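**Q**
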Amino acid sequence: MRAEERSSKIRTLIVDDEPLARSNISVLLRLDPGVEIVSECGSGAEALAEIRRAKPDLVFLDVQMPECDGFDVLEMLGKDLPPVVVFVTAYDQHALRAFEAGALDYLLKPFDNSRFALALGRAKDRIANDRNLPRTERLAVKSAGRISFVKISEIDWIEAADYYACLHVGTKTHLLRRSLAELEGELDSTVFCRIHRSTIVNLDRVEGLRLSVDGDYEVLLQNTTRLRLSRRYRKQLQSRLGVRSPNSPDATSVIPSKDGST
């Protein structure tokens with residue numbers, strides 16, 4: 043196989059603790075010449091190591107697995123999240139959480155060939171767009187009959203607002219008709235981090251973390267804004283910021299600056 047042909051294939055990982063389920067997905071994927079199966083994993087722990095090693099374009103990820111489920115895998119991956127994730131499960135109650143976690147699609151077992159083909163087609167379209175389009179440096183916002191442009195580097199934080207994403211830029215806010223999961227996939231993961239199912243923060247704006255009166259941590263921004271930090275995203279944020287878990291119940295954890303000072 044020529045190098046250019048190999049590089050154009052969608053490198054795919056299958057994660058499921060049931061061998062038969064892995065086999066079914068593998069058979070369907072092998073029908074598509076544009077897909078290359080890089081590996082199959084039978085546990086969440088295996089998936090963590092393999093995703094970091096192989097860096098696949100697409101992961102079919104089972105939700106229910108012993109010890110480390112699909113949501114745990116995504117949380118522990120941090121900045122190593124794969125470009126596209128399709129959750130696979132026999133339980134429909136996880137659907138909302140899957141999309142909040144940034145999954146592109148949600149396959150409910152048992153699924154037929156046409157439903158699988160639809161999910162794979164969506165994944166291929168997303169990956170093709172990511173490969174062909176350069177990372178944008180600004181977002182177009184439509185409001186009151188006009189279009190304005192917001193520099194991504196100037197965004198402090200983003201919150202979900204029904205069917206919109208609310209961009210907080212200094213003292214201004216802009217409503218963008220995009221989902222938070224969609225935006226998260228386009229933003230630079232080294233700069234922006236999900237801290238709650240409804241909040242993404244610019245890491246360059248983070249000043250510290252503080253334990254609130256209800257026992258949850260807050261993210262303190264340089265402009266004095268306080269944002270709730272979900273327990274689900276706490277480890278990921280602390281890892282991205284390079285700090286250990288704050289120990290003091292009443293003290294702010296100051297994030298070290300890039301030159302090592304505080």
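Every position in the sequence shown, counted from 1, becomes a number in this note's numbering once 42 is added.
Every residue, glycine too, gets a C-beta built ideally from N, C-alpha and C.
Keep in mind the model is a prediction, meaning the values are calculated, not measured.
For residue 133, report the span of its beta strand (DSSP E) as first-last.
**A** Taken as a continuous stretch (DSSP letters only), residue 133 belongs to no beta strand (DSSP E), as it is neither H nor E.
**Q** Do you know whose CA, among 72, 281, 237 and 111, lies nearest residue 260's CA?
**A** Considering only alpha carbons, the answer is 237.
**Q** What did DSSP end up calling residue 206 once you bin it into helix, strand or coil?
**A** Looking at residue 206 - three-state DSSP - the assignment turns out to be strand.
**Q** Go ahead and pull the three-state DSSP assignment for residue 71.
**A** helix
**Q** Can you tell me whether DSSP reads residue 81 as helix, strand or coil?
**A** strand
**Q** Count the other C-beta atoms from every protein chain shown that fall within 10 angstroms of the C-beta of residue 282, then say buried if there are 16 or more, exposed otherwise.
**A** buried
**Q** Spatial neighbours of residue 93 within its chain, please: CB distance less than 7 Å, with the 5 preceding and 5 following residues excluded, ordered by chain position.
**A** 55, 101, 119, 122 and 124
**Q** With a 10 Å radius around its C-beta and 16 neighbouring C-beta atoms as the bar for buried, classify residue 69 as buried or exposed.
**A** exposed
**Q** In whole angstroms, what separates the C-alpha of residue 298 from that of residue 265?
**A** For residue 298, the pLDDT reaches just 45, beneath the cut-off of 50, and the residue's location in the model is therefore unreliable, leaving the point undetermined.
**Q** Classify residue 169: buried if its beta carbon has 16 or more other beta carbons within 10 angstroms, exposed otherwise.
**A** buried
**Q** Roughly how far, in whole angstroms, is the beta-carbon of residue 183 from the beta-carbon of residue 216, given that I think they are within contact range, below 8 Å?
**A** 5 Å
**Q** To the nearest angstrom, how far is it from the Cα of residue 239 to the Cα of residue 271?
**A** 9 Å
**Q** If you count every other CB in all the chains shown that lies within 10 Å of the CB of residue 135, and 16 or more means buried, which is it?
**A** When all chains shown are included, residue 135 counts as exposed.
**Q** Can you tell me whether DSSP reads residue 248 as helix, strand or coil?
**A** strand
**Q** What's the call for residue 133, buried or exposed, on a 16-neighbour Cβ count within 10 Å?
**A** Taking a 10 Å sphere around the C-beta of residue 133, we find fewer than 16 other C-beta atoms and assign the residue as exposed.
**Q** Would you call the segment 153-164 in contact with the segment 61-80, where contact means no fewer than 3 C-beta pairs closer than 8 Å?
**A** Contact between the segment 153-164 and the segment 61-80 is present, because at least three Cβ pairs lie under 8 Å.
**Q** For the segment 219-229 against the segment 247-258, are there 3 or more C-beta pairs whose distance is under 8 Å?
**A** no
**Q** Closer than 8 Å by C-beta to residue 229: which residues in its own chain qualify, once you throw out the five before and the five after it? Chain order, please.
**A** 194 and 242
**Q** Once DSSP output is grouped into helix, strand and coil, what is the label at residue 221?
**A** coil
**Q** Considering only DSSP beta bridges, list what residue 260 is partnered with.
**A** 252 and 270
**Q** Starting from residue 182, trace the beta strand (DSSP E) both ways and give me its first and last residue.
**A** 180-185
**Q** Just grab the DSSP bridge partners of residue 235 for me.
**A** 243
**Q** Closer than 8 Å, CB to CB, is residue 169 near chain B or not?
**A** Protein chains in the displayed structure number just one, and chain B is not present.
**Q** Taking its Cβ as the centre, do 16 or more other Cβ atoms sit within 10 Å of residue 129, making it buried, or is it exposed?
**A** buried
**Q** When DSSP labels each residue in this structure, what does residue 153 get in the three-state scheme?
**A** coil
**Q** Under the three-state reduction of DSSP, which class applies to residue 289: helix, strand or coil?
**A** In this prediction, residue 289 scores a pLDDT of 47, lower than 50, which makes its location untrustworthy; no coordinate-derived value is stated.
**Q** Could you check the C-alpha separation between residue 164 and residue 66 for me, to the nearest Å?
**A** 19 Å
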